[in-house]
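Enquirer: Right, I'll just put the structure down here and ask away after.
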Amino acid sequence: MTAQSMCSRVPSSLRLQPRVVDTICDQLQGYISFCVISFIDLYAKTKKNFPDVQEVSSAQQAFLAKRMSAIASAHGIPIRACCESPSLQKYGIITDGCMTKQVLEAATGCQLIVPTKSAARAQCTCLLGDDIGMYNTCGHGCLYCYANYDNNTVRSNMKKHDPDSPFLIGNYQKDDIIIDVDQSTWVNRQISLF
912 MTAQSMCSRV PSSLRLQPRV VDTICDQLQG YISFCVISFI DLYAKTKKNF
962 PDVQEVSSAQ QAFLAKRMSA IASAHGIPIR ACCESPSLQK YGIITDGCMT
1012 KQVLEAATGC QLIVPTKSAA RAQCTCLLGD DIGMYNTCGH GCLYCYANYD
1062 NNTVRSNMKK HDPDSPFLIG NYQKDDIIID VDQSTWVNRQ ISLF
């Protein structure tokens, strides 16, 4: 497939994205270690909130991945894909996860001993797969968000927010069950000669 034929299959709205990526990369160059991309997953709640959303075809993904990778690379910014196909590697996109052991070690400056665990979802290789939030609690109203599926519940939950509470929404109720979860460190405390 030629670039011309691929471009004719890409809606004009997608052709604008590389220019946006160039502007963002220009402004962030030197301030970020990498950029994470992901193509929208059409969950039922996403379709409900965003009825006009369309799936990004394989050809469109290839077009965007190739262009974004070239632009970001020119700014010295690697692109990592979140839960996307390893086929994006041919465009210079890193597909081994967005929160890997290497990423966390680079961010913290610590060597980590990471326990083995199952992926949170298909193609996810990230280490931090445990949700710490709650559905229907974010008031930003992003149409593509998979964490909100009922705007009335969002508004109700926002009213219950108490900044002095240890809970995300509301306060402790007598019938609540609180479970302590092991929060052991992954930091390797063994002294190394190297």
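Residue 912 is where the sequence shown starts when you use this note's numbering, and the numbers rise one by one after that. Ideal Cβ placement from N, Cα and C applies to all residues, glycine included. Model, not experiment: these values are computed from the prediction.
Compute the Euclidean distance between the alpha carbons of Gln1094 and Gln1013, then round it to the nearest angstrom.
Expert: In a straight line, the C-alpha of Gln1094 is about 20 Å away from that of Gln1013.
Enquirer: Using the Cβ count rule (16 or more neighbours within 10 Å means buried), how would you classify Ile1102?
Expert: The C-beta of Ile1102 has fewer than 16 other C-beta atoms within 10 Å across all chains shown, which makes the residue exposed.
Enquirer: When you compare each of Thr1064, Cys1009, Phe1078, Cys1056 to Lys959 by their alpha carbons, which one comes out closest?
Expert: Cys1056
Enquirer: How close, in whole Å, do the beta carbons of His986 and Gln940 come, if the pair is a contact with beta carbons under 8 Å?
Expert: That pair is a contact at about 4 Å.
Enquirer: Kindly provide the ranges of any beta strand (DSSP E) runs that are 3 or more residues long and lie completely inside the stretch 946 to 994, ordered along the chain.
Expert: 946 to 948, 990 to 992
Enquirer: Output the distance between the C-alpha atoms of Ile948 and Thr934, rounded to the nearest integer angstrom.
Expert: 16 Å
Enquirer: Quick one: give me the first and last residue of the alpha helix (DSSP H) that Ser1103 is part of.
Expert: Element bounds for Ser1103: n/a, residue is neither H nor E.
Enquirer: Determine whether the beta carbon atoms of Cys936 and Ala983 lie at a separation below 7 Å.
Expert: yes
Enquirer: What did DSSP end up calling Val932 once you bin it into helix, strand or coil?
Expert: Helix, per DSSP.
Enquirer: Mind listing, in chain order, the continuous alpha helix (DSSP H) runs of no fewer than 4 residues lying wholly within the stretch 1015 to 1081?
Expert: 1062 to 1071
Enquirer: Assuming Ile951 contacts Val967 (C-beta within less than 8 Å), just tell me the rounded distance between them.
Expert: 6 Å
Enquirer: Assign Val1065 to buried or exposed, taking buried as 16 or more other Cβ atoms, counted over all protein chains shown, within 10 Å of its Cβ.
Expert: buried
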